[in-house]
Amino acid sequence: MSSKERSTVSVGAQMLSLSNLEKLLWPRDGYTKGDLIAYYRSVAPRAIAHLKDRPLTLQRYPNGIDGETFFEKQMPRGMPEWIERVTVPTPGGSRSEVTFALCNDEPSLVYFANLAAIVLHVWTSRVPALDEPEFVLFDLDPGEKCTLRTLATVTLAIRTLLAEIGLKPLVKTTGGYGLHVVVPLAAGYSYETAKVFAEIVARHAAAELGELATLQRTIAKRPQTAVYIDYVQVGLGKTIVAPYSVRARDGAPVSTPLHWAEVEGFARRSALAPADEFAKHTIRTLPGRVAREGDLWGPKAWKKQRLEGPSAKAGRLWTERG
Amino acid sequence: MAHAIWSGAINFGLVTIPVKLFTAVKADDLSFNMLHKKDEGRIKYERVCSVDGKPVPWDEIVKGYEYEKGQYVLLTDEDFAKVNPEATQSVDIVEFVELDKISPMFFDKPYYLEPTKQGRHAYALLREALAGSNRVAIARVVIRTKEYIAAVKPIGDALVLELMHWANEIVASDTLDLPGTEKLPEKEMQMARMLIDTMSVDEFEPQKFSNNYHDQLLAMIEARAAGKELPKAKKAPARSKVVNLMDVLAQSLEASKKRRSDANGKPAEAKRRKKTAA
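If you read the protein sequences in the order shown, they are chains A and B.
Quick note on our numbering: the first sequence kicks off at 1048 and runs consecutively.
Quick note on our numbering: the second sequence kicks off at -7 and runs consecutively.
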C-alpha cells in the first residue's frame, strides 16, 4: 500500500498540496505521478498556449494506466476557486449545463496532473467564441496492419490536396497510432462549415488514394491495411487530444507536433508500425525536443486561414475531374 | 456529480463510516417530448378516474395491490413505513467474498461512495484492506424505502457500491434449448481458438466504441435545428456527393458571413467565471 504523504509546492502565485507523488502510473516504465507533474511543468508554457480558454475534459487514471479510467467533463469536485471555468448549456444532455474547467496557467495544469489526469482533451474552440472552431481537423487513424509508410503517404496526399487549393496544414502525432492534420481557421466560421469542408477534402482524398484510405466508420468493415480518414471530429462539444498531452500507454507517449519533413521521412521508411515510431516522443524526450525545436504549432506556424477562396477553388478543381 | 443522491453510513463490525452516494453511470439517451403535430403543443398526461371519468388530484390517490381480478388491498404511506426494513439508511456489510466468485449477471448499477470528513480515515482503511484482500464486501443496503443487496468494491481511490440483483430476479438458462458439450472436432476447435486469438486485444478500450445511432440522430437534430436539411444518405456516388457538399459548403460559408456581420461584438452565450487568486 502506497504511503499517502502530501507535499506542498508553490507554483506561480499558488500553493498546491500534492498527494501520492510516488504513485506508479506507468508500472512497466516506473513513471510516477511525480514524473507526470514534472513533465507537464517542463512544457507548461507550450502546452498552455493550446489549452488556454478551451473547455477541458480530464481523462483520469487514479490507479495508473492499467486501472480504471474516467472522463470528467464537469469540473472536478473541490476544484479550487482560482482555476478558471466556463459554464456551457448542453441541449439534450442529462444535465442542463456543464461547468468545464479551463487550464489557463501552470498552477491549474499542475492541479490537474495531480488528479492523475494523464490525458487532456480540449474543445476545438475557445471562450468566448465557443461556436467557432479554430481549425479544420483530419484525424488519420491507421488500421491494425497499416504501415508507417502508408500512413505518411495518405497524410502527405491530404497536405498536397490542401496546398492545391491554397491551404497550409499542420501535423502532430495523436500520441497513439495516428496523426492529426489541422488547418488553422480565421475567426467566424461555424462547426458546420468546418465539418462540410473537411468532408469534401476527405472524400476527394479517399477517391484519389483508393485502397490506401477509407471513410468507413465501422471499425470492423475497414480494411486493416488502410488509413481511416475521420473528418467528423469537429463539432460543438467534440474534443481533441491537446498538443503535448500525455497518453495512457506504455512508455508514456506524448501527442507531439511534427515537422512536415519528418512525415516525408516516414514515407521513405520500410515496414514499421506507426505506433512504434510515434512512441519515441515521450514524457522523457519531449522537454529536450521542445527546447530544441520550440512549439511547431506556435504562433509563427499557426497561420489563420480563410476558406472562401480555397472552397471556390476546390469546387472548380475537384468536381470537374472524375 | 454535484449532488449526493443519498447519505448514510457503512456499518462494518463495530466501525461506522458516514458516506454519501453519487451516481457513477449516467444514461446518455436523447430524450424526446411528445408534441401535437399541427401546433407543436406539448402533450400532457392527466390522471383520470375510470369510474367517474374526472381528473383526480394527487391527495386523493392511494396505492392498491390487485390480489385477485378487480379486488384490491389498499396501502397507505404508513403501511409502507411499517414494513420498511429498518429504514436506517445504512450499508450493512454482511460478509466478504472473492470477486470472481460472484457471477457478473448479479451486478446491476454502480454508485460512488464518498466519506464525510469524519469518515475519511475508516474509509481509506476499508478501501486499502479490501484492495489487499482481493475480496469485495457484500452488504444489505436500504436506500429511501427499498432494500437492496450490494457489493462494495475498491476502484481506484473510490469505494464503489454496486447494487445487485436478488437471486430470484436472475432467470435460469435451463429453460432454453442449448447444445451440451457433445464431441466437437479438434480441428474446428483449433480454428475457433485461432479466430479468438487474432481478434484479441490487450486492453478493453471503451472509448473505441461509439453509439452510432445516437451520434447520427444527434447530428440530424443539430442540422434540423440549424434550419438545414441533411445532405442525402450515403448511397449517392462519391462524385455527385462532392458536388452536393460543395453547395452545402457555399451555403454554410454564406451563413457564417451573415452571422459575423449580425453578431459583431455580441457576447457568446457561454458564461465565464473568473476568480482572482486569493
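Even for Gly, the Cβ is constructed at its ideal location relative to N, Cα and C.
- Asn1161/A has a beta carbon lying at 7 Å or more from every beta carbon in chain B.
- If you look at Trp(-2)/B, you'll find it in the beta strand (DSSP E) that goes -2 to 4.
- Residues of chain A with a Cβ closer than 7 Å to the Cβ of Gly148/B are, in chain order, Pro1109, Asn1110, Gly1114, Glu1115.
- Burial check for Val1135/A: the Cβ neighbour count within 10 Å reaches 16 or more, so the residue is buried.
- DSSP, read as helix, strand or coil, puts Trp158/B in coil.
- Here Val1201/A carries a helix assignment [DSSP, helix/strand/coil].
- In the DSSP assignment, Pro1304/A is bridged to Lys1219/A.
- Fewer than three Cβ pairs drawn from the region 1198 to 1205 of chain A and the region 1158 to 1176 of chain A lie within less than 8 Å of each other, which leaves the two stretches out of contact.
- When the five nearest sequence neighbours on each side are left out, the beta carbons in the same chain lying within less than 7 Å of the beta carbon of Phe1182/A are those of Thr1171, Val1229, Val1230, Pro1231, Leu1232, in order along the chain.
- Only residues of its own chain outside the window of five on either side were considered, and among them Pro1189, Leu1195, Leu1198, Tyr1224 have a CB closer than 6 Å to the CB of Pro1321/A, listed in chain order.
- Shown in chain order are the members of the region 1239 to 1264 of chain A whose Cβ falls below 8 Å from a Cβ of chain B: Glu1239, Thr1240, Val1243, Phe1244, Glu1246, Ile1247, Arg1250, His1251, Ala1253, Ala1254, Arg1264.
- The beta carbon of Leu1167/A is closer than 6 Å to those of Ala1289, Ser1292 in its chain, skipping five residues each way along the sequence.
- Residue Gly1345/A holds the alpha-carbon nearest to the alpha-carbon of Lys1219/A among Ala1338/A, Glu1144/A, Glu1255/A, Gly1345/A.
- Rounded to the nearest angstrom, the gap between the Cα atoms of Ala1091/A and Asp1152/A is 8 Å.
- In the displayed model, Arg1101/A falls within coil according to three-state DSSP, outside both helix and strand.
- For the set Ala1318/A, Trp1129/A, Ala1249/A, Phe1118/A, the Cα lying nearest the Cα of Tyr1108/A is the one of Phe1118/A.
- The way I'd put it, the region 1296 to 1308 of chain A does touch the region 1208 to 1222 of chain A; three or more beta-carbon pairs between them come closer than 8 Å.
- Interface criterion met: the Cβ of Gly1362/A is under 7 Å from a Cβ in chain B.
- Taking 7 Å as the CB threshold, Gly1235/A lines the interface with chain B.
- Against chain A, the beta carbon of Ser82/B has no neighbour under 8 Å; the closest one sits roughly 24 Å away.
- Sequence-ordered contacts of the region 1162 to 1187 of chain A with chain B read Val1174, Pro1175, Ala1176, Leu1177, Asp1178 [C-beta pairs closer than 8 Å].
- What Ser1054/A touches in chain B, judged by beta-carbon distance under 9 Å, is nothing: the nearest beta carbon there is about 18 Å away.
- Selection Leu118/B, Thr190/B, Lys29/B evaluated against Val7/B yields Leu118/B as nearest (Cα-Cα).
- Residue burial is scored here from C-beta neighbours: Val11/B has at least 16 other C-beta atoms within 10 angstroms and is therefore classed as buried.
- Among the CB atoms of chain B, none fall inside 7 Å of the CB of Glu1211/A.
- Separation of the CB atoms of Asp1178/A and His1227/A is rounded to 22 Å, and the pair is thereby denied contact status at 8 Å.
- DSSP places Thr8/B inside the beta strand (DSSP E), whose first and last residues are 7 to 15.
- Out of Leu1208/A, Ile1130/A, Asp1100/A, the CA that lies nearest to the CA of Gly1059/A is found in Ile1130/A.
- According to DSSP, Met1062/A shares a beta bridge with Ser1057/A.
- Contact with chain A is absent for Ser165/B, since none of that chain's Cβ atoms lies less than 7 Å from the residue's Cβ.
- Per DSSP, the continuous alpha helix (DSSP H) segment holding Phe1159/A begins and ends at 1153 to 1161.
- In this structure the region 80 to 88 of chain B touches the region 130 to 142 of chain B; the number of beta carbon pairs closer than 8 Å is three or more.
- When the beta-carbon positions are compared, Ala1326/A and Pro1300/A come within less than 7 Å of each other.
- Those residues of the region 1334 to 1362 of chain A placed with their C-beta closer than 7 Å to a C-beta in chain B are Leu1354, Glu1355, Ser1358, Gly1362, ordered along the chain.
- Here Asp84/B carries a strand assignment [DSSP, helix/strand/coil].
- In the three-state reduction of the DSSP assignment, Pro47/B falls in the strand class, which pools E and B.
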